[in-house]
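Undergrad: Counting in this note's numbering, the sequence shown runs from 142 upward without gaps.
For glycine and all other residues, C-beta sits at the position ideal for the given N, C-alpha and C.
The structure under discussion is supplied below as structure tokens; questions concerning it will follow.
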Amino acid sequence: MKTLTRCITICCALVVACSSDNLVGSGSVSTQRRSVTSFAAIDINGPVNTIVTAGATPSITVEADDNVIDKVTTRVGANGVLSVGMDPGGYSNFTATVRIVTPALSSIATRGSGSTSLEQGTTSSSFTLDNYGSGPLTVSGLAAVSLTSNLHGSGSITLVGSVGTLNVRNSGSGNVNSYECTSQSARIAIFGSGNCHVDVGTLLVADIFGSGNVVYEGDPEVRTSGNGSGSVTRKS
């Protein structure tokens, strides 16, 4: 009986210790403006919502619960990548939004559950998107010669604008939607269960190795390969 009582006491102590490590948002949102050096790419990790807009001068504004805001990290590494995330630890019932302004950008990678949006357009000769997480990644106002879009998780990628060449690799369970992003040519590789929706003008190359489907708009030449169970069909 003493042994059982001791075990219960230890378990209760562990629960209390674990609970004390969890930071609960205060519900009172505050704002911080942070200085930042120039960067060419953004890497986002954790439950942070990120909004990126075009502007002449790089800047960062963080909006979060006042007891959480200092835990939101925004750092530019020696490689020129702006990393956005949270200090290690447990968090609950909080909100964190990072607003980023940059004159130029070559890539965005997101690895968490937060939403990421690139607004008001970006012009670049080439642009790369990677979504490893469960949150949505949305890019509007695209005007690029070449766009590479990689979906690895259960999140989604939505594209709006126009590109010359679109390359999509979907190895996850989420969907890539680019009906509102016209492309002259597109190469789509499906390795997972997620689908891809595209608007293509001249040439569509689809490699299907998974169960996901490719649905396209436009009247392109269509070339298919692969041994997956997914299909390539024109939108009805």
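(1) Pick helix, strand or coil for residue 360, following the three-state DSSP scheme.
(2) How long is the line joining the alpha carbons of residue 334 and residue 367, rounded to whole angstroms?
(3) Is the number of C-beta pairs between the stretch 229-236 and the stretch 205-214 that are closer than 8 angstroms three or more?
(4) With distance defined between alpha-carbon atoms, name the residue in 278, 283, 268, 318 nearest to residue 181.
(5) Three Cβ pairs or more, each shorter than 8 angstroms: is that satisfied between the stretch 329-348 and the stretch 314-321?
(6) Relative to the C-alpha of residue 278, which candidate in 287, 301, 266 has its C-alpha closest?
(7) According to DSSP, what are the bridge partners of residue 118?
(8) Below 6 angstroms CB to CB, which residues in the same chain sit around residue 286 once its five sequence neighbours on both sides are set aside?
(9) Report the rounded CA-to-CA distance for residue 271 versus residue 171, giving the unit in angstroms.
(10) When DSSP labels each residue in this structure, what does residue 207 get in the three-state scheme?
(11) Measure the C-alpha to C-alpha separation of residue 158 and residue 214 and round it to an integer number of angstroms.
(12) Starting from the N-terminal side, write out each stretch of the beta strand (DSSP E) that is 3 residues or longer and does not extend beyond the stretch 249-333.
(13) Rounded to whole angstroms, what is the Cα-Cα separation between residue 198 and residue 309?
(14) Going by C-alpha to C-alpha distance, which of 295, 217, 188 sits closest to residue 176?
(15) Give the straight-line distance between the Cα atoms of residue 315 and residue 292, rounded to the nearest whole angstrom.
(16) Ordered along the chain, which non-local residues of its own chain (more than five positions away) have a Cβ less than 6 angstroms from that of residue 193?
(17) Is the CB-CB distance between residue 255 and residue 273 below 9 angstroms?
(18) With distances taken Cα to Cα, identify the nearest neighbour of residue 348 among 359, 329, 225.
(19) Please report the distance separating the alpha-carbon of residue 231 from that of residue 168.
(20) Please report the Cβ distance between residue 251 and residue 257, rounded to the nearest whole angstrom; I am assuming they are in contact, meaning their Cβ atoms lie under 8 angstroms.
(21) Among 375, 331, 344, which has the Cα closest to the Cα of residue 356?
(22) Residue 186 and residue 253: beta carbons closer than 9 angstroms?
(23) Ignoring anything shorter than 3 residues, give me the beta strand (DSSP E) runs that lie fully in the stretch 169-214, in order along the chain.
(24) Could you say which of 229, 226, 331, 359 lies nearest to residue 313 if we only look at CA atoms?
TA: Reading off the structure:
(1) Residue state, collapsed to three classes: coil.
(2) Each residue's Cα considered, the two are about 14 angstroms apart.
(3) Between the stretch 229-236 and the stretch 205-214, the count of C-beta pairs closer than 8 angstroms reaches three or more; the two stretches touch.
(4) Among 278, 283, 268, 318, the Cα nearest to that of residue 181 belongs to 268.
(5) Output reads yes: the stretch 314-321 touches the stretch 329-348.
(6) Closest option to residue 278, judged by alpha-carbon separation, among 287, 301, 266: 301.
(7) With the chain running from 142 to 377 in the structure shown, residue 118 is simply not present.
(8) Contacts found: 266, 305.
(9) Going from the Cα of residue 271 to the Cα of residue 171 covers about 30 angstroms.
(10) Taken through DSSP and simplified to helix, strand or coil, residue 207 comes out as coil.
(11) At residue 158, the pLDDT of 41 sits below 50, so the modelled position is not reliable; the number obtained from the coordinates is stated separately. Rounded to whole angstroms, residue 158 to residue 214 spans 25 angstroms at the Cα level.
(12) Complete beta strand (DSSP E) runs here, min 3: 257-259, 263-272, 277-292, 297-311, 317-331.
(13) Distance between the alpha carbons of residue 198 and residue 309 is about 31 angstroms.
(14) Ranking the options by Cα distance to residue 176, first place goes to 217.
(15) Straight-line Cα distance between these residues: approximately 7 angstroms.
(16) For residue 193, where only same-chain residues beyond five positions count, the Cβ hits under 6 angstroms are 241, 259.
(17) Cβ distance not < 9 angstroms, so residue 255 and residue 273 don't count as in contact.
(18) The shortest C-alpha separation from residue 348 is found at 329.
(19) C-alpha of residue 231 to C-alpha of residue 168: approximately 16 angstroms in a straight line.
(20) About 5 angstroms separates the two Cβ atoms, so the contact holds.
(21) Checked all of 375, 331, 344; the closest Cα to residue 356 is 375.
(22) Contact flag set, yes.
(23) Entirely contained in the stretch 169-214, the beta strand (DSSP E) runs reaching 3 residues are, in chain order, 170-175, 182-185, 190-195, 200-206.
(24) The shortest Cα separation from residue 313 among 229, 226, 331, 359 belongs to 331.
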